[in-house]
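Numbering (UniProt numbering), first residue to last: 1 to 547.
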């Protein structure tokens with residue numbers, strides 16, 4: 001096989017020499033002609049030569065620390081700042097719009113995160129090798145001193161079940177013990193301020209700490225080194241309230257972190273299977289606190305539901321048990337895209353006012369808000385135009401589309417099928433208009449997907465007295481009456497409230513906002529404010545939508 005390689009800078013001299021040697025030694029090598037031809041072709045490959053040259057360049061640069069030092073270590077934060085600056089300009093400049101979308105791409109964000117991790121040397125530390133002369137049986141002792149202040153020490157202790165020793169159970173991220181870098185999970189506590197703790201309980205040690213002033217000195221036997229734990233960067237939205245003061249299971253109330261439903265939490269450690277460490281997003285207090293893990297909270301919710309099921313009707317209990325148990329949902333910031341506005345989904349019980357809110361907001365700006373045209377299998381009536389009042393299709397076609405899961409919701413009325421297709425929602429989104437819909441709550445499972453990215457607003461009824469007085473004052477017609485010719489009855493008001501409670505129980509964890517419709521004008525203003533925020537601010541959304 002002849003060798004024809006250009007003598008220029010594109011080829012690596014070492015690989016070229018290896019190739020020449022191979023061709024000159026073919027007769028002396030005990031290998032098949034196919035193998036030799038393959039190796040020869042590989043050594044002539046330009047991509048291989050480019051990779052080898054790149055490797056040499058990187059090695060040369062690494063040897064020179066001055067040329068390899070990072071300019072900064074916060075490129076990801078800078079990119080987020082740039083997105084904030086670009087947001088109001090994307091409608092004015094195509095270049096700004098292009099950069100805005102480019103910076104949100106997962107591979108760009110991955111490169112920036114990797115750069116920052118390397119620049120900050122955010123990798124697990126390598127422990128030095130033990131000296132050869134060290135006695136394997138010699139026990140290492142470390143002395144750690146911490147200055148006591150109003151801030152908790154940021155560590156919890158427990159009794160080792162195997163040997164009865166007091167050991168460090170957990171170290172709270174950002175706390176005094178964590179910042180010292182000297183106290184680790186599993187360290188054995190020998191002495192506190194010169195007092196031997198052998199045979200003492202964790203409560204006894206706690207008493208020693210509480211009565212200590214100034215500097216506290218710990219004598220510790222280090223745990224077996226397992227490498228440092230890197231802080232997690234996961235953000236979650238909480239779907240339940242947690243109060244450390246009343247929780248009977250938390251191992252240390254002072255180390256706990258209370259939070260409310262829908263708050264965003266930064267999970268910094270999931271090492272413990274029952275108690276995670278977290279801090280509130282945006283909280284300047286950098287000390288982490290204990291919160292129930294997903295597994296622990298699910299167990300608590302199941303226990304609560306089992307105790308509640310005895311007091312419910314069987315149909316209600318069965319329906320509730322089928323739903324997912326909501327604890328935490330991983331979230332990320334989702335930036336608005338003017339060319340693909342997120343649809344607004346109004347959820348609530350029949351009679352709460354969703355239809356009227358949708359009708360009024362579309363009246364205010366009909367060129368901005370659109371709602372999907374429903375499909376039906378019935379024949380068009382005189383004056384009806386296909387694609388305007390309805391999309392008229394055959395029953396056979398509509399049944400096929402329903403079977404393929406192409407309808408958001410559907411039903412049968414007087415022998416004819418009616419429904420809203422998913423494609424009709426997506427087409428409005430692609431057109432750059434804001435799609436606004438008020439489907440049945442069971443349609444949420446079909447809607448809450450990465451390709452639709454809905455913003456779900458729950459329209460909640462006020463208490464019974466307010467609900468009755470406001471609807472009667474507005475002469476609202478009952479939605480329970482097919483002719484829509486009378487007002488609501490007390491039983492129907494109670495049914496609205498019962499239905500509302502059920503919807504909240506089943507789907508509250510999917511709601512982005514809640515509007516209490518006790519004053520229609522105020523509710524409409526809130527809806528318009530939410531839509532403005534949706535188009536101008538980055539908002540938390542499921543992380544799965546961007547992965």
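Note that beta-carbon positions come from the ideal geometry of N, C-alpha and C, so glycine has one too.
Being a predicted model, the structure only gives us computed values, none of them experimental.
- Taking residue 451 as the centre and dropping the five residues before and after it, the same chain places the C-beta of 426 closer than 8 Å to its C-beta, in chain order.
- Unbroken alpha helix (DSSP H) runs of no fewer than 4 residues, entirely contained in the UniProt domain "PDZ" (143 to 224), are found at 176 to 180 and 202 to 210, following chain order.
- Contact annotation: residue 421 and residue 407 have beta-carbon atoms nearer than 8 Å.
- In the three-state scheme derived from DSSP, where H, G and I count as helix and E and B as strand, residue 45 is classed as coil.
- When DSSP states are grouped into helix, strand and coil, residue 20 belongs to the helix group.
- Between the alpha carbons of residue 545 and residue 449 lies a gap of roughly 7 Å.
- With a cutoff of 8 Å on beta-carbon distance, residue 43 and residue 18 are scored as near each other.
- Per DSSP, residue 118 is one residue of the alpha helix (DSSP H) stretching across 106 to 119.
- For residue 140, no alpha helix (DSSP H) encloses it, and the DSSP letter there is neither H nor E.
- Straight-line measurement puts the Cα of residue 279 at about 5 Å from the Cα of residue 288.
- The secondary-structure analysis by DSSP pairs residue 292 across a beta bridge with 275.
- Taking a contact to require three or more Cβ pairs closer than 8 Å, the stretch 528 to 546 and the stretch 330 to 348 qualify as touching.
- For residue 150, the closest C-alpha among the options 212, 357 and 240 is that of 212.
- Residues of the same chain with a CB within less than 6 Å of the CB of residue 428, apart from the 5 flanking positions on each side, are 370 and 435 in chain order.
- CA-CA distance, residue 486 to residue 479, rounds to 9 Å.
- A straight line joining the alpha-carbon of residue 179 with that of residue 50 spans about 45 Å.
- Residue 216 sits away from residue 165, with the two beta carbons spaced by 8 Å or more.
- When secondary structure is reduced to three states using DSSP, residue 234 falls in the strand class.
- Ranked by how close their Cα comes to the Cα of residue 219, the residues 242, 170 and 184 have 184 in first place.
- Put simply, the backbone Cα of residue 462 is about 40 Å away from that of residue 81.
- Distance from the CA of residue 259 to the CA of residue 253, rounded to the nearest whole angstrom, comes to 13 Å.
- Under DSSP, residue 540 forms a beta bridge with 333.
- Per DSSP, the continuous alpha helix (DSSP H) segment holding residue 468 begins and ends at 464 to 473.
- Separation of residue 367 and residue 47 (C-alpha to C-alpha, rounded to the nearest whole angstrom) is 54 Å.
- Check the Cα spacing between residue 374 and each of 417, 444, 400 and 403: the tightest is with 417.
- Annotation for residue 412: the continuous beta strand (DSSP E) segment containing it runs 407 to 413.
- About 17 Å separates the Cβ atoms of residue 255 and residue 273, ruling out a contact at the 8 Å cut-off.
- Note that the C-beta distance between residue 171 and residue 189 is not below 8 Å.
- For residue 426, the enclosing alpha helix (DSSP H) begins and ends at 422 to 430.
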